[in-house]
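Student: All residue numbers for the sequence shown refer to full-length UniProt numbering, where the first residue is 1 and numbers rise by one. The C-beta atom is built at its ideal place from N, Cα and C for all residues, glycine as well.
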Amino acid sequence: MADPAECTIKVMCRFRPLNNSEVVRGDKYIPKFQGEENVVIGGKPYMFDRVFQSNTTQEQVYNACAQKIVKDVLEGYNGTIFAYGQTSSGKTHTMEGNLHDTDAMGIIPRIVQDIFNYIYSMDENLEFHIKVSYFEIYLDKIRDLLDVSKTNLSVHEDKNRVPYVKGCTERFVCSPDEVMDTIDEGKSNRHVAVTNMNEHSSRSHSIFLINVKQENTQTEQKLSGKLYLVDLAGSEKVSKTGAEGAVLDEAKNINKSLSSLGNVISALAEGSGYIPYRDSKMTRILQDSLGGNCRTTIVICCSPSSYNEAETKSTLMFGQRAKTIKNTVTVNVELTAEQWKQKYEREKEKNKTLRSTVTWLENELNRWRNGESVPVEEQFDKEKANAEVQALDNIINEKQASTPNVPTVRLTDVEKDKCEVELAKLYKQLDDKDEEINQQSQLAEKLKQQMLDQDELLASSRRDHENLQAELNRLQAENEASKDEVKEVLQALEELAVNYDQKSQEVEDKTKEFEAISEELCQKSSILSSLDSELQKLKEMSNHQKKRVTEMMSSLLKDLAEIGIAVGSNDIKVLGCLVHGCYGRIFSLRFRLSFTMGVLAKTDVYIEWSDSP
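1) In terms of residues, what are the limits of the beta strand (DSSP E) holding G43?
2) With DSSP collapsed to three states, give me the class of A104.
3) Measure the C-alpha to C-alpha separation of I41 and N78 and round it to an integer number of angstroms.
4) What are the partner residues of T8, as DSSP defines its beta bridges?
5) Between A267 and the rest of its own chain, which residues show a CB-CB distance below 6 Å, the 5 nearest in sequence each way excluded?
6) Leaving out the 5 sequence neighbours to the left and right, which residues in its chain are closer than 8 Å to V406 when beta-carbon positions are compared?
7) Tell me the DSSP secondary structure of R462 in three-state form.
8) To the nearest angstrom, how far is the alpha carbon of C294 from that of C301?
9) Which parts of the stretch 303-379 are runs of the beta strand (DSSP E), unbroken and 3 residues or longer, counting only runs that do not cross its ends?
10) Please classify C419 as buried or exposed, where buried requires at least 16 neighbouring CB atoms within 10 angstroms.
11) Pick from L335, G291, S303 and S206: whose alpha carbon is nearest that of S188?
12) When the distance is taken between beta carbons, is I254 closer than 8 Å to A233?
13) If you measure between the beta carbons of K131 and R161, is that distance less than 8 Å?
14) Mind checking K226: buried by the 16 CB within 10 Å criterion, or exposed?
15) For F380, which residues of its own chain have a beta-carbon under 7 Å away from its beta-carbon, when the five flanking residues on both sides are left out?
16) Between N479 and T297, what straight-line distance do the alpha-carbon atoms span, to the nearest angstrom?
17) Which complete beta strand (DSSP E) runs does the stretch 44-117 hold, if anything under 3 residues is left out?
18) Need the endpoints of the beta strand (DSSP E) that R130 sits in, please.
19) Looking at C-alpha atoms only, which residue of R143, M317 and T182 is the closest neighbour of V112?
20) Could you pull the start and end residues of the alpha helix (DSSP H) that S188 belongs to?
21) Select from L290, Y344, R355 and K281 the residue whose C-alpha is nearest the C-alpha of G271.
22) Can you find the residues in the same chain that come closer than 7 Å, C-beta to C-beta, to I285, ignoring five residues on each side of it along the sequence?
23) I'd like to know if the stretch 9-27 and the stretch 56-67 are in contact, where contact means that at least 3 CB-CB pairs between them fall below 8 Å.
24) Output the distance between the C-alpha atoms of K159 and L335, rounded to the nearest integer angstrom.
25) Do K348 and C7 have their C-beta atoms within less than 8 Å of each other?
26) What whole-angstrom Cβ distance do D140 and K281 have, given they're in contact under 8 Å?
27) Note the first and the last residue of the continuous alpha helix (DSSP H) segment covering K213.
28) Please return the same chain residues whose Cβ sits closer than 6 Å to the Cβ of I210, not counting the five positions on each side in sequence.
29) Going by the DSSP bridge assignment, what does Q34 pair with across the sheet?
30) Note down, in chain order, each residue of its chain lying with its Cβ closer than 8 Å to the Cβ of K433, except the 5 sequence neighbours on either side.
31) With DSSP run on the structure shown, which of helix, strand or coil describes K141?
32) If we ignore side chains and look at the alpha-carbon of each, how far apart do M47 and V39 end up?
33) Can you say whether P304 is buried or exposed, counting buried as having 16 or more other CB atoms within 10 angstroms of its CB?
34) Using only the alpha-carbon positions, how far apart do K446 and Q339 sit?
35) Which first and last residues belong to the beta strand (DSSP E) in which E157 is found?
Laid out in structure tokens, this is it:
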């Protein structure tokens, strides 16, 4: 197995041409290119592994970005290519293009053709097995694009702690046409929508996985490589896209997962001890591509329009951070039984040497603890021990190298069977030990991760405790202030209670006075009613008397008129009779008036008589 090697993530930058709506709007073309690796936006330079201008062809982009990764995958390395950028910046055009147009096809169809072209030109002793998967991450749920019934797949880890999508459809393919048919099938099931900025806006992140396994039929050496081809959905500003309803919900999830990707890139670029891969399913799947065992190329796609200048700068900053990330890549080799045996023997000899070293050190330590002085020549010599280990490795390697030249000894069938049984037993022990080592390694990694999680949880708990303590102090201060307010309120209530008692007594006194006055008023009202009744009777009587007086006055006046006539005729006798009659009526009238005045005087009522009859 090849030794691990560090390599940085390659970042390519591609600018699309101005589209029709931008031309109609009169947007300016803002990028200024300086060579093949630099671009200037707003006076600030940005440097990448390669910068593609707007007139770059699909073939040129493929040759610079992806062609080398094909060879790496067929040599047993993992590879990832993904496009990143705002919506309508040309990501899907870069990754897919027109799948069946020779000139307009993107990276995915070209890479499929190249994989099979390489395979056709390689050694005939190599046997290849290629299988593909196609899925999307929609609303943070993994959907199998080759089996639409699988709508919420989960992410698991294999024995090497590498994430994979469990239950995703895997199809074995034997030709480029079969791969392209698979892509067409999956593409027809992908979520797209129309927005103000893109008529065919991808509403999900799509991942096309090519798994290549090869075996040398002569040496029995097995290599495997995975190639992730990722078309990310674009980040969106709702004010520009006009998203609403379901499209708005999709935009929120897209921006959230891209934010998680940005956090992972930032943490890796800063060398943080904790990388938030688990914040989204997309970053979990791309965990090996970002800081793991993978050769990764990122194509950042940008709009040249001044209308999108802020989003373009954000994309360029993302690319610059990603460019600083380093991956550690190794060849994925499955060791043969003979290689496992050699490795076992080598490790066994190293273990024996280390055991003797530990024994030596323990003896020396015990002598020092017992107060004994250990001479220099008897003390452990690290350089000498390392030299012995190196010499032992050389001897083992020489022995392994010389083994093919040693003439074989012909064995009997019994001895041969016995050797095979013994060899099978040793292989079984080797497998058991290897499995035990893997389990212990996984357990150690799991415990390490648990420790990191616990540290993070502890830090979070401490922060929560500090926040709660601050909140408690605030509440205690508010409580003290409330106590003072309560004391003031109680004092005011006591004063109100005293005033209330006084007012209650006053009300009680006033009530008694009111009751007495009411009783007196009732009595007066009764008297007044009685007087009103009597007054009414007197008024009736007075009216009757007035009527009688009026009649008598009329009769008197009539008599006076007759008297006047008699005086005129000098009839003394008649005059005497008339005068006598008038005296009688006047006396009667005086009597009636006296009677009426007397009655009125008794009732203390004054009646004003009018002079008119």
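Tutor: In brief:
1) Your numbering for residue 43 matches position 43 in the sequence shown. Taken as a continuous stretch (DSSP letters only), G43 belongs to no beta strand (DSSP E), as it is neither H nor E.
2) Position 104 of the sequence shown, counting from 1, holds the residue named residue 104. DSSP places A104 in coil when its eight states are reduced to three.
3) Against the sequence shown, residue 41 aligns to sequence position 41. Against the sequence shown, residue 78 aligns to sequence position 78. Whole-angstrom Cα-Cα distance: 34 Å.
4) As a first step, residue 8 is located in the sequence shown; it is residue number 8 there, counting from the start. T8 has K326 as its beta-bridge partners, per DSSP.
5) Here residue 267 refers to the residue found at position 267 when the sequence shown is read from its first residue. I275.
6) To locate residue 406, count along the sequence shown from 1; it is residue 406. The pLDDT assigned to V406 is 35, lower than 50, so where the model puts this residue is not dependable; a value taken from the coordinates is nonetheless given after this. Within the same chain, V406 has no close Cβ partners at all.
7) Numbered from its first residue, the sequence shown carries residue 462 at position 462. Assigned with DSSP and collapsed to three states, R462 falls in helix.
8) The sequence position of residue 294 within the sequence shown is 294, counting from 1. The sequence position of residue 301 within the sequence shown is 301, counting from 1. Between C294 and C301, the alpha-carbon positions lie close to 22 Å from each other.
9) Counting whole runs of 3 or more residues, the stretch 303-379 contains the beta strand (DSSP E) stretches 326-329.
10) Locating residue 419 in the sequence shown gives position 419, counting from the first residue. It counts as exposed.
11) Within the sequence shown, residue 188 is the residue found at index 188, counting from 1. Closest by C-alpha distance to S188, out of L335, G291, S303 and S206, is S206.
12) Position 233 of the sequence shown, counting from 1, holds the residue named residue 233. Position 254 of the sequence shown, counting from 1, holds the residue named residue 254. Contact flag set, yes.
13) Translated into positions along the sequence shown, residue 131 becomes position 131. Translated into positions along the sequence shown, residue 161 becomes position 161. No; because the gap between Cβ atoms is not below 8 Å, this pair is not in contact.
14) Counting from 1 along the sequence shown, the entry for residue 226 is found at position 226. With 16 or more other Cβ atoms within 10 Å, it is buried.
15) Mapped onto the sequence shown, residue 380 falls at position 380. Closer than 7 Å at Cβ, skipping near neighbours: W360, L361 and E364.
16) As a position in the sequence shown, residue 479 is number 479, starting the count at 1. As a position in the sequence shown, residue 297 is number 297, starting the count at 1. T297 has its alpha-carbon roughly 60 Å from the corresponding atom of N479.
17) Those beta strand (DSSP E) runs which fall completely within the stretch 44-117 and span 3+ residues are 44-47, 50-52 and 79-84.
18) The residue given as residue 130 occupies position 130 in the sequence shown. The sequence given here has Ile at residue 130, not Arg. Counting along the chain, the beta strand (DSSP E) containing I130 begins and ends at L126 to Y138.
19) Translated into the one-based positions of the sequence shown, residue 112 becomes position 112. Distance from the Cα of V112 is smallest, within the candidate group R143, M317 and T182, for T182.
20) Taking the first residue of the sequence shown as 1, we reach residue 188 at position 188. Where S188 is concerned, the enclosing alpha helix (DSSP H) starts and stops at P176 to S188.
21) The residue you call residue 271 lines up with position 271 of the sequence shown. G271 has its Cα closest to that of L290, out of L290, Y344, R355 and K281.
22) As a first step, residue 285 must be located in the sequence shown, where it is residue number 285. Result list for I285: V155, P163, V165 and I207, in chain order.
23) Enough Cβ pairs lie closer than 8 Å, so yes.
24) By 1-based counting over the sequence shown, the position of residue 159 is 159. By 1-based counting over the sequence shown, the position of residue 335 is 335. Each residue's alpha carbon lies about 16 Å from the other.
25) As a position in the sequence shown, residue 348 is number 348, starting the count at 1. As a position in the sequence shown, residue 7 is number 7, starting the count at 1. The answer is no: Cβ separation not under 8 Å.
26) As a first step, residue 140 must be located in the sequence shown, where it is residue number 140. As a first step, residue 281 must be located in the sequence shown, where it is residue number 281. Between K281 and D140 the Cβ distance is about 6 Å, and since that is below 8 Å, they are a contact.
27) Position 213 of the sequence shown, counted from the first residue, corresponds to residue 213. For K213, no alpha helix (DSSP H) segment is defined; the enclosing uninterrupted segment is the beta strand (DSSP E) at H205 to N216.
28) Taking the first residue of the sequence shown as 1, we reach residue 210 at position 210. Closer than 6 Å at the Cβ level, and outside the excluded window around I210, lie V132 and L227.
29) If you number the sequence shown from 1, residue 34 lands on position 34. Per DSSP, the beta-bridge partners of Q34 are N38.
30) For the purposes of this step, residue 433 is identified with residue 433 of the sequence shown, where counting begins at 1. Sequence-distant Cβ neighbours of K433 in its own chain, meaning closer than 8 Å and more than five residues away, are Y344.
31) To locate residue 141, count along the sequence shown from 1; it is residue 141. If DSSP states are grouped into helix, strand and coil, K141 belongs with the strands.
32) Start at 1 with the first residue of the sequence shown, and residue 47 comes out as number 47. Start at 1 with the first residue of the sequence shown, and residue 39 comes out as number 39. If I take the Cα positions, the gap works out to 7 Å.
33) Position 304 of the sequence shown holds residue 304. By the neighbour-count rule (16 or more Cβ atoms within 10 Å), P304 is buried.
34) The residue you call residue 446 lines up with position 446 of the sequence shown. The residue you call residue 339 lines up with position 339 of the sequence shown. Computed Cα separation, rounded: 28 Å.
35) Indexing the sequence shown from 1 puts residue 157 at position 157. S154 to E157 is the extent of the beta strand (DSSP E) around E157.
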